[in-house]
Amino acid sequence: MNCLRIDQIYLYLEKELAPDEIRAIEAHLASCVKCQKAVKDRRIFQHAANNLPKWEPPPDFTEQIMSQIFPANLSLKNIIIAIATYVGFLFLSVIGYFITTGQSFSFFPVRFLNKLIYSGQNFSIFVIKLLKSIQVSVKAILHLSGYLLRVLSHLTTLLNTEVYIFFAIFALILFALVFLGVGRRFLAGEKI
Amino acid sequence: MTDDKTLVEKTLKGEKEAFEMIIRKYQQPLLNYIGRMISDYQLALDLTQEVFVKTYHSLHMYQPKYKFSTWLYKISHNHIIDYWRKKKVDAFSIDQQNHITRPPLQIPSDEPSVVKQLEISEIREKIEQAIKKLPPSLRELFVWRHINELSYDEIAEIKGLPVGTIKNRVFQAKEMIRSILGEAQ
């Protein structure tokens with residue numbers, strides 16, 4: 052047998068050869084120093100390559116990935132648990148209040164109902180007051196509009212026709228500027 | 085342990101825990117593959133996460149006739165190429181072989197030992213450094229074979245190439261690393 056090829060050495064080291072090929076190679080190696088050296092060198096190299104240190108992910112890596120794929124959302128179960136916790140906490144707080152203040156718990160429902168009725172009354176009064184103030188405001192606006200109209204009608208008797216025409220032209224120009232968008236840009240200080 | 089195909093089926097039926105098991109099984113191999121390809125631990129963590137997210141959303145396209153692990157490595161391979169493309173790195177070199185100089189098939193008569201008088205830990209350290217200097221296409225094959233411990237058949241399935249071709253390229257990669265080790269001495 053001739054000297055080994057490099058691919059044969061690797062196949063031999065990785066046990067990827069048929070038994071008769073292995074026997075032939077081993078027979079050659081027994082008598083060839085050059086091939087012995089080449090195989091030995093590659094065996095050490097192969098051993099080192101097979102045992103390279105592995106990179107470790109952080110301990111919570113799986114959880115990080117899972118939270119990316121399945122972001123935490125409020126399920127019905129979680130909502131029920133949250134409400135139950137809140138109610139439980141409220142109940143314990145009420146009991147705690149009565150225990151620490153020494154008040155009789157038996158009057159609590161009556162007192163609570165009284166408070167509720169009192170709050171309801173207060174709220175109704177507030178709504179009525181709000182409606183009244185709206186009514187007064189509307190009346191004031193109507194009065195003011197009436198005065199304005201009267202002032203304008205007095206002005207019409209004082210001003211002559213030229214002034215009317217001037218105001219009409221001015222109003223038309225202003226209208227045109229606004230609707231062509233020029234007025235908006237000009238007022239905003241932008242470059243035309 | 086539940087096999088990958090069953091875990092995929094369970095995941096598709098809505099069992100989150102099944103996909104969690106897939107992550108636990110493959111997070112380290114993928115981190116090592118991606119990490120060795122891009123030589124950056126933090127970035128490798130990010131890309132590994134992205135690969136799992138991508139895998140989860142593509143799970144309905146998985147064909148059980150292929151091994152799940154090879155499909156996962158294929159997704160990772162494509163993800164690395166996408167990352168290099170975004171970074172304007174020569175992403176195509178990972179699939180090109182033409183530029184690689186073939187090492188001699190025969191043992192040179194005056195071949196020096198590249199591992200002589202070195203501790204195994206020193207050799208490992210030198211191999212780690214040499215991996216970074218390999219062309220991406222050979223680096224990938226070396227990592228799959230020696231770090232991920234994939235069989236030649238599995239690598240051939242991922243790359244869609246004949247097993248013989250894969251073996252020769254892995255040997256090329258090893259010889260190239262050996263020559264880098266020899267240069268460093």
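Residue numbers (my numbering), protein chains in the order written: chain U, 52 to 243; chain B, 85 to 269. All C-beta atoms, glycine included, are put in the ideal place defined by N, C-alpha and C.
Between residue 128 of chain U and chain B, is there a C-beta pair that is closer than 8 Å? Your numbering for residue 128 of chain U matches position 77 in the first sequence. Closer than 8 Å: no.
How long is the line joining the alpha carbons of residue 222 of chain B and residue 212 of chain B, rounded to whole angstroms? Along the second sequence, one-based indexing puts residue 222 of chain B at 138. Along the second sequence, one-based indexing puts residue 212 of chain B at 128. For residue 222 of chain B and residue 212 of chain B, the distance between alpha carbons rounds to 14 Å.
Looking at the C-beta of residue 98 of chain B, does it have a partner C-beta in chain U at a distance below 8 Å? Along the second sequence, one-based indexing puts residue 98 of chain B at 14. Output row for residue 98 of chain B: interface = no.
Note the first and the last residue of the continuous alpha helix (DSSP H) segment covering residue 168 of chain B. To locate residue 168 of chain B, count along the second sequence from 1; it is residue 84. Segment 152 to 170, the alpha helix (DSSP H) holding residue 168 of chain B.
So within the stretch 184 to 223 of chain B, which uninterrupted alpha helix (DSSP H) runs reach at least 4 residues, ignoring any that extend past its ends? 204 to 217
In chain B, what lies closer than 7 Å to residue 137 of chain U by C-beta? If you number the first sequence from 1, residue 137 of chain U lands on position 86. Simply none; closest approach about 28 Å.
Start-to-end residues for the alpha helix (DSSP H) that takes in residue 108 of chain B: On the second sequence, residue 108 of chain B is found 24 positions in, with the first residue counted as 1. Looking at the DSSP string, the run of the alpha helix (DSSP H) that includes residue 108 of chain B is 100 to 122.
In angstroms, rounded to a whole number, what distance separates the CA positions of residue 241 of chain U and residue 224 of chain U? Within the first sequence, numbered from 1, the residue matching residue 241 of chain U stands at position 190. Within the first sequence, numbered from 1, the residue matching residue 224 of chain U stands at position 173. Caution is warranted here: a pLDDT of 40 is assigned to residue 241 of chain U, below 50, making its placement in the model unreliable, and no coordinate value can be reported.
Can you confirm whether residue 107 of chain U, when its beta carbon is compared against all beta carbons of chain B, has any partner nearer than 8 Å? What you label residue 107 of chain U is simply residue 56 of the first sequence in a count that begins at 1. Yes - at least one Cβ of chain B is within 8 Å of the one on residue 107 of chain U.
Taking C-alpha atoms, which residue in B/114, B/92 and B/260 lies nearest to residue 133 of chain B? Along the second sequence, read from residue 1 onward, the residue named residue 133 of chain B stands at position 49. The shortest C-alpha separation from residue 133 of chain B is found at B/114.
Any idea if residue 262 of chain B is buried or exposed, counting beta-carbon neighbours within 10 angstroms, 16 or more meaning buried? As a first step, residue 262 of chain B is located in the second sequence; it is residue number 178 there, counting from the start. Buried is the call here.
Below 7 Å on C-beta distance, what does residue 92 of chain U contact in chain B? As a working mapping, residue 92 of chain U is identified with position 41 in the first sequence. What residue 92 of chain U touches in chain B: 197, 198 and 199.
What's the call for residue 119 of chain B, buried or exposed, on a 16-neighbour Cβ count within 10 Å? For this step, residue 119 of chain B is matched to residue 35 along the second sequence. So residue 119 of chain B counts as buried.
Spatial distance of residue 219 of chain B from residue 93 of chain B (CA atoms): Working through the second sequence from its first residue, we reach residue 219 of chain B at position 135. Working through the second sequence from its first residue, we reach residue 93 of chain B at position 9. The straight-line gap from Cα to Cα measures roughly 38 Å.
For a cutoff of 8 Å on Cβ pairs, would you count residue 262 of chain B as touching chain U? Taking the second sequence and counting its residues from 1, the one referred to as residue 262 of chain B is at position 178. Closer than 8 Å to the CB of residue 262 of chain B there is at least one CB belonging to chain U.
According to DSSP, what are the bridge partners of residue 56 of chain U? The residue you call residue 56 of chain U lines up with position 5 of the first sequence. In DSSP, residue 56 of chain U forms a bridge with B/190.
Endpoints, the alpha helix (DSSP H) within which residue 126 of chain B is located: Along the second sequence, one-based indexing puts residue 126 of chain B at 42. Under the DSSP assignment, residue 126 of chain B falls in the alpha helix (DSSP H) whose first and last residues are 125 to 142.
Contacting positions in the stretch 155 to 173 of chain B - beta carbon closer than 8 Å to chain U: none
Which chain B residues are close to residue 52 of chain U, counting only those with a beta carbon under 8 Å from its beta carbon? Numbered from its first residue, the first sequence carries residue 52 of chain U at position 1. The contacting residues do not exist; residue 52 of chain U stays about 14 Å from chain B at best.
Is residue 130 of chain U near the ligand ADP, judged by its Cβ being under 7 Å from some heavy atom? Among the components of this structure there are no ligands whatsoever, and the ligand ADP is therefore not found.
How many Å lie between residue 161 of chain U and residue 169 of chain U at the Cα? In the first sequence, counting from the first residue as 1, residue 161 of chain U sits at position 110. In the first sequence, counting from the first residue as 1, residue 169 of chain U sits at position 118. Answer to the nearest angstrom: the Cα atoms are 12 Å apart.
Whose C-alpha, out of B/243, B/238 and B/100, is nearest the C-alpha of residue 118 of chain U? Sequence index remark: in the first sequence, residue 118 of chain U carries index 67 (1-based). When each option's Cα is compared against that of residue 118 of chain U, the closest is B/100.
So which residues of chain B does residue 244 of chain U contact, with C-beta pairs closer than 8 Å? Because residue 244 of chain U is not part of the residues shown, which for chain U are 52 to 243, the question remains open.
Does DSSP put residue 146 of chain B in a helix, a strand or coil? For the purposes of this step, residue 146 of chain B is identified with residue 62 of the second sequence, where counting begins at 1. Coil at residue 146 of chain B, not helix or strand.
Between which two residues does the alpha helix (DSSP H) holding residue 205 of chain U run? For the purposes of this step, residue 205 of chain U is identified with residue 154 of the first sequence, where counting begins at 1. Element bounds for residue 205 of chain U: 159 to 209.
Please classify residue 121 of chain U: does DSSP put it in a helix, a strand, or coil? By one-based count along the first sequence, residue 121 of chain U stands at place 70. Coil at residue 121 of chain U, not helix or strand.
8 Å contact criterion, which residue 89 of chain B and residue 152 of chain B should meet: CB distance rounded: For this step, residue 89 of chain B is matched to residue 5 along the second sequence. For this step, residue 152 of chain B is matched to residue 68 along the second sequence. 6 Å between Cβ atoms; contact.
Can you list, in chain order, the residues of its chain whose CB lies under 8 Å from that of residue 234 of chain U, leaving out five sequence neighbours each side? Here residue 234 of chain U refers to the residue found at position 183 when the first sequence is read from its first residue. Residue placement at residue 234 of chain U cannot be trusted, given a pLDDT of 49 that sits under 50; what the coordinates show is reported in the next sentence. Around residue 234 of chain U: 225 and 228.
Which of the three DSSP states, helix, strand or coil, is assigned to residue 139 of chain U? In the first sequence, the residue the question calls residue 139 of chain U occupies position 88. Note: residue 139 of chain U maps to helix in three-state DSSP.
Can you check which of these residues, B/103, B/86 and B/125, is closest to residue 142 of chain B by C-alpha distance? In the second sequence, residue 142 of chain B corresponds to position 58, counting from 1. Ranking the options by Cα distance to residue 142 of chain B, first place goes to B/103.
Does residue 221 of chain B get closer than 8 Å to chain U when you measure Cβ to Cβ? Here residue 221 of chain B refers to the residue found at position 137 of the second sequence. Chain U, which has no Cβ nearer than 8 Å to the Cβ of residue 221 of chain B, makes this no.
Own chain residues within Cβ distance below 8 Å of residue 95 of chain B, not counting five before or after: Position 11 of the second sequence, counted from the start, is the residue given in the question as residue 95 of chain B. Closer than 8 Å at Cβ, skipping near neighbours: 102, 103, 106, 140 and 143.
Taking Cβ to Cβ, would you say residue 111 of chain B is nearer than 8 Å to residue 108 of chain U? The residue you call residue 111 of chain B lines up with position 27 of the second sequence. The residue you call residue 108 of chain U lines up with position 57 of the first sequence. Taking 8 Å as the Cβ cut-off, residue 111 of chain B and residue 108 of chain U qualify as a contacting pair.
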